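Heads up: the sequence lines are chains S and R, in that order.
Note that the numbering used here gives residue 282 to position 282 of the first sequence, counting from 1, and the numbers run on in steps of one.
Add 1000 to the 1-based position in the second sequence for the numbering used here, that's all there is to it.
Every residue gets a Cβ at the ideal spot worked out from N, C-alpha and C, and that includes glycine.
All figures in this text were calculated on a predicted structure; none of them were measured in a lab.
Quick notes on the structure that follows.
Protein chains: 2
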Amino acid sequence: MGRDWEGIEAIFNPGSVAVIGASDNPGKLGFHVMKSLIQGRYTGKIYPVNPGKDHILGIKTYPSLFQVPDTVDLSIIVLPAEQVPRILKECSEKNVKGIVLITAGFKEIEDRRGETLQIEITELASRSGMRIIGPNTFGIVNLHLPLNASFTPEFSWLEKGGISLVSQSGGMSHLMAFLSLQDGVGFSKIVGLGNRCNVDFAEMVEYLLQDDQTKVIALYMEGIDSPKKLMKVAKKGNREKPILVYKVGRSSTGDKASQFHTGSLAGKHEIYEGAFRQARILTVGSSEELLDTAKALATCPFPGGAKVAVLSGQAGPGMAACDVCEMQGLSIPPFSTETQKRVDELLPPLAIRTNPVDMGPAWYDAEAIKGIVQAVLEDKRIDAVILCLMFASANRSAVGALADLLSERRTNKPILCCFSSPPGIWEDEIKRLEGSGIPNYPTPERAAKALVNLCRLKKIRE
Amino acid sequence: MGRDWEGIEAIFNPGSVAVIGASDNPGKLGFHVMKSLIQGRYTGKIYPVNPGKDHILGIKTYPSLFQVPDTVDLSIIVLPAEQVPRILKECSEKNVKGIVLITAGFKEIEDRRGETLQIEITELASRSGMRIIGPNTFGIVNLHLPLNASFTPEFSWLEKGGISLVSQSGGMSHLMAFLSLQDGVGFSKIVGLGNRCNVDFAEMVEYLLQDDQTKVIALYMEGIDSPKKLMKVAKKGNREKPILVYKVGRSSTGDKASQFHTGSLAGKHEIYEGAFRQARILTVGSSEELLDTAKALATCPFPGGAKVAVLSGQAGPGMAACDVCEMQGLSIPPFSTETQKRVDELLPPLAIRTNPVDMGPAWYDAEAIKGIVQAVLEDKRIDAVILCLMFASANRSAVGALADLLSERRTNKPILCCFSSPPGIWEDEIKRLEGSGIPNYPTPERAAKALVNLCRLKKIRE
Chain S
1 MGRDWEGIEA
11 IFNPGSVAVI
21 GASDNPGKLG
31 FHVMKSLIQG
41 RYTGKIYPVN
51 PGKDHILGIK
61 TYPSLFQVPD
71 TVDLSIIVLP
81 AEQVPRILKE
91 CSEKNVKGIV
101 LITAGFKEIE
111 DRRGETLQIE
121 ITELASRSGM
131 RIIGPNTFGI
141 VNLHLPLNAS
151 FTPEFSWLEK
161 GGISLVSQSG
171 GMSHLMAFLS
181 LQDGVGFSKI
191 VGLGNRCNVD
201 FAEMVEYLLQ
211 DDQTKVIALY
221 MEGIDSPKKL
231 MKVAKKGNRE
241 KPILVYKVGR
251 SSTGDKASQF
261 HTGSLAGKHE
271 IYEGAFRQAR
281 ILTVGSSEEL
291 LDTAKALATC
301 PFPGGAKVAV
311 LSGQAGPGMA
321 ACDVCEMQGL
331 SIPPFSTETQ
341 KRVDELLPPL
351 AIRTNPVDMG
361 PAWYDAEAIK
371 GIVQAVLEDK
381 RIDAVILCLM
391 FASANRSAVG
401 ALADLLSERR
411 TNKPILCCFS
421 SPPGIWEDEI
431 KRLEGSGIPN
441 YPTPERAAKA
451 LVNLCRLKKI
461 RE
Chain R
1001 MGRDWEGIEA
1011 IFNPGSVAVI
1021 GASDNPGKLG
1031 FHVMKSLIQG
1041 RYTGKIYPVN
1051 PGKDHILGIK
1061 TYPSLFQVPD
1071 TVDLSIIVLP
1081 AEQVPRILKE
1091 CSEKNVKGIV
1101 LITAGFKEIE
1111 DRRGETLQIE
1121 ITELASRSGM
1131 RIIGPNTFGI
1141 VNLHLPLNAS
1151 FTPEFSWLEK
1161 GGISLVSQSG
1171 GMSHLMAFLS
1181 LQDGVGFSKI
1191 VGLGNRCNVD
1201 FAEMVEYLLQ
1211 DDQTKVIALY
1221 MEGIDSPKKL
1231 MKVAKKGNRE
1241 KPILVYKVGR
1251 SSTGDKASQF
1261 HTGSLAGKHE
1271 IYEGAFRQAR
1281 ILTVGSSEEL
1291 LDTAKALATC
1301 PFPGGAKVAV
1311 LSGQAGPGMA
1321 ACDVCEMQGL
1331 SIPPFSTETQ
1341 KRVDELLPPL
1351 AIRTNPVDMG
1361 PAWYDAEAIK
1371 GIVQAVLEDK
1381 RIDAVILCLM
1391 FASANRSAVG
1401 ALADLLSERR
1411 TNKPILCCFS
1421 SPPGIWEDEI
1431 KRLEGSGIPN
1441 YPTPERAAKA
1451 LVNLCRLKKI
1461 RE
């Protein structure tokens, strides 16, 4: 790690954190930040700063940063905007290198004083070598440390994983975090860029490309000032690590709103799309698709080609998966003669036995299922497998057997599943599957779309 | 209700049900059907039929249908295919009018004897005036009676509501049922058509059009033999009741599989699309979209036009909703001067105050939020409203206040929401909202898409 990352490292892996504006009043953000640090099980030192309190949430509190009897790596600031320049000077004198500046009221407001203030703090930070996430951000989360430096304690409920999300919207970060709780997606870092005073997409992508705990970089973007810098950084590093982006502002009103909100040049979605493709960044079209695709990229190998086998417990979901695959450029080819022979031997002539295979009549016969899946995985004509099974009382044990088989598999072909059941059923089995690198999706269409995106990204990386 | 519905009524609202092939062995479907009836709290008479048992799951069991000391309205049959003709003759003699024929092994299998058997039972049924759902079906559910005449007891977990789903795939019915448990969608009836021996889409749609407990008819289709009959029925009745369809087989392999699976003419998706449009049936593109749209249709009024206001708690989700709306033909127009003035008065100049409105800075001020929403609802330039709010600890009480306001609203404009929170938070508030006719969606894009579909259907009905 080069000298360059000192400030960013102080933000994501601090040994000590000061909360400037800490509070024990639940109506204040300084209270929620304290809760996030504590409930997030941060094991470094926490120093609340508030001149009016001795203790906050049981933790000794200091009247000012200068009274803190220790070095401070990261300051989380929640004081009103007009106090921020003074606080940043104090941080600089105290040799704090990382800042999470939650305070709003800078470049994003109509009043021109906001912009002036942002210029002032940016200059202050650059003179002293401090890195600032924000202003106007919910904060950051590093689930691997763990560190929840945000005003949302519930971020600590998330699963630890390989996806890092860099987002220009706090709302979208919260949305995707809550979706991930349902869909079993694990995060490494979540970063709310806010007004991007001196940490923008380019800096974050460059940092995350060399971060061992990040396997996939997911971006939510409204508009940026220096696209070239990002594209250059991405192009350099993303053969090793997949980068994908969900950019809004594709419509005229969305675009205008994005210019207002981020105070930056949005506009011209086509230009962005072309630049992303050149920089080998995969574009997706919705928050769900961003998460679904990131999940596939974090767990699956890339397929060798675009030839897909669809194996389903019931015919309908298999057809739905085929539709998505084929309409988006993948193929559902016939099996090799040998594979077809093995499938025919294992499956009674009650169902579709060619690709897509309706394995319905074999769900009571774990050995048959195992044989079919194994044969198809070994077929050289097949690059990837989609497996669908909808729960019915009578097939309750099927996913367990399948999870056993698949976790022992010897294949480097991606397998994506849609195993669907009422809440509380199959949860352990699906966790086991996902733990062994097989992502599960709530619908066959979403599993298929994730596979389509694996293939798309593979292609633009070539 | 005309004489015509006697058989169908016997299936959906029977006073007594026989289970032919009832079992107490969890390895048999006859066991799961018994569990479905009992756990589904069916209050009519249940008559298990099995020559080897006195009681099954505590219920007196009869050696044959003739021994049942009562009339039987509905027979659920789970015996092997070759026994079905004999059983149907017995049902006819016993004057049973409704049949749910779960047994597989008819037209859908490769062996030609399956088809012969299906012709035989179809003729048998038509001679005796019996209506058969199936063969090769999971069954049917009527959540209003309640009656769970399927092999999946978990269907009884579903919420009662206004959507009836008619499906050519058991797998898709299960999928959508399980999705509905997460997304708060309520069902009236779920029907697995199976091989459609003498009840097809046309009969079911005609029946559901006159069924008071059905507000929306959702179809999952692979392929049908007599599209004209369905289109005629739909065209006649669907100005009063919305009908929407998710048809697979849009790709060549999906289409081929659908021909195999349903033994019917699939093919030529474009022809279907045109026919659906002419019959004023809305087509959708995925299982999630079918449910999301049905939910909007079951709860919301149709918008007067395509002009949408997007009000969000955080800017990003609002932009995502705008993108979907505008890319699909809706508009996000400026407010009237009067509305804009009211919004400007209520919202500090810290955020976007034109449409889409970022209400972020006002979340602590319930009166301001109330005022903004009310002003926008009253704006004659606005036909529909999308409301988005992502949970953060500090805005926890916002959705409760909004639910109060919206449940008292006096407007016939559709309001669609995306209120997103970690599991366990806002669940009661969202239930309250949905109870007052305001559907909630997991993402802003899905809320917007549901609104797009409301507008699309309104247009094709005109």
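Minimum Cβ-Cβ distance from residue i to chain B less than 7 angstroms
i	result
D1183/R	The structure shown contains no chain B; its protein chains are S and R.
The beta strand (DSSP E) enclosing residue i, as first and last residue numbers
i	result
K1247/R	1243-1247
C1417/R	1415-1420
C1325/R	Segment 1315-1327 is the alpha helix (DSSP H) holding C1325/R; no beta strand (DSSP E) there.
A955/R	The structure shown does not extend to residue 955/R, since chain R spans only 1001 to 1462, so no value can be given for it.
F187/S	186-192
C1388/R	1384-1390
Nearest residue (CA-CA) to residue i, options the options
i	options	result
P1026/R	P1153/R, A1149/R, D1292/R	P1153/R
F151/S	G40/S, P63/S, D211/S	G40/S
G316/S	P1349/R, I1109/R, G1249/R	G1249/R
S968/R	G1134/R, R1432/R, P1442/R	This structure gives no information on residue 968/R, because the portion of chain R shown stretches from 1001 to 1462.
I1217/R	V1233/R, K1236/R, S1164/R	S1164/R
Sequence-distant residues of the same chain with beta carbon closer than 7 angstroms to residue i, five excluded per side
i	result
I59/S	I46, P48
R3/S	With a pLDDT of 46 at R3/S, under the threshold of 50, the predicted position of this residue should be treated as unreliable, though the coordinate-derived value follows. Excluding positions up to five away in sequence, the list is empty.
K1307/R	S1331, P1333, R1381, I1382, D1383
K1107/R	G1114, E1115, Q1118, N1195, G1263
L291/S	M176, L179, S180, D183, V185
I1415/R	V1385, L1387, L1406, I1438
Within-7 angstroms CB hit, residue i to chain R
i	result
H32/S	yes
D428/S	no
L387/S	no
T61/S	no
V248/S	yes
P303/S	no
Beta carbon proximity, residue i to chain S, threshold 7 angstroms
i	result
G1316/R	yes
M1001/R	Reliability of the predicted coordinates at M1001/R is poor, the pLDDT of 41 falling under 50, and the value obtained from them is presented with this limitation in mind. So no, M1001/R is outside the interface.
M1319/R	yes
S1156/R	no
A1394/R	yes
G1170/R	yes
C1197/R	no
I1271/R	no
T1253/R	yes
M1204/R	no
Chain R residues whose Cβ lies nearer than 9 angstroms to that of residue i
i	result
S128/S	Result: empty, since nearest Cβ-Cβ is about 28 angstroms, beyond 9 angstroms.
Residue range of the unbroken alpha helix (DSSP H) whose run includes residue i
i	result
R1131/R	Taken as a continuous stretch (DSSP letters only), R1131/R belongs to no alpha helix (DSSP H), being part of the beta strand (DSSP E) at 1131-1133.
K1160/R	No alpha helix (DSSP H) holds K1160/R; the beta strand (DSSP E) holding it covers 1159-1167.
P1439/R	Per DSSP, P1439/R belongs to no alpha helix (DSSP H) and is neither H nor E.
Y1207/R	1201-1209
K228/S	227-237
A1375/R	1366-1378
M359/S	Element bounds for M359/S: n/a, residue is neither H nor E.
Interface partners of residue i on chain S, CB under 9 angstroms
i	result
A1375/R	Neighbours of A1375/R on chain S: none; closest Cβ ~19 angstroms, over 9 angstroms.
Contacts that residue i makes with chain R (C-beta to C-beta distance below 8 angstroms)
i	result
S420/S	H1174, L1175, F1178, L1179
P414/S	Simply none; closest approach about 19 angstroms.
Residue i CB to nearest heavy atom of the ligand COA below 6 angstroms
i	result
E108/S	This structure simply doesn't include the ligand COA, nor any ligand for that matter.
Neighbouring residues, chain S, relative to residue i (Cβ below 7 angstroms)
i	result
I1460/R	Correct list: empty, because the minimum Cβ distance to chain S is about 22 angstroms.
G1194/R	The premise fails here: G1194/R is roughly 12 angstroms from chain S at the closest Cβ pair, so nothing lies under 7 angstroms.
G1105/R	L350
K1327/R	With the sequence shown as reference, residue 1327/R is identified as Met, and Lys is not the correct amino acid for it. Within 7 angstroms Cβ-Cβ: R250, S251.
Nonlocal neighbours in the same chain, by C-beta distance under 6 angstroms from residue i, ignoring five residues either side
i	result
S1336/R	D1379, R1381
L37/S	I46
I76/S	V19, V33, V100, A149
Same chain, Cβ closer than 8 angstroms to residue i, neighbours up to 5 away in sequence not counted
i	result
E93/S	F66
L1230/R	D1200, F1201, A1202, V1205, I1224, A1279
Residue i: contacting residues in chain R (beta-carbon distance under 7 angstroms)
i	result
P442/S	L1179
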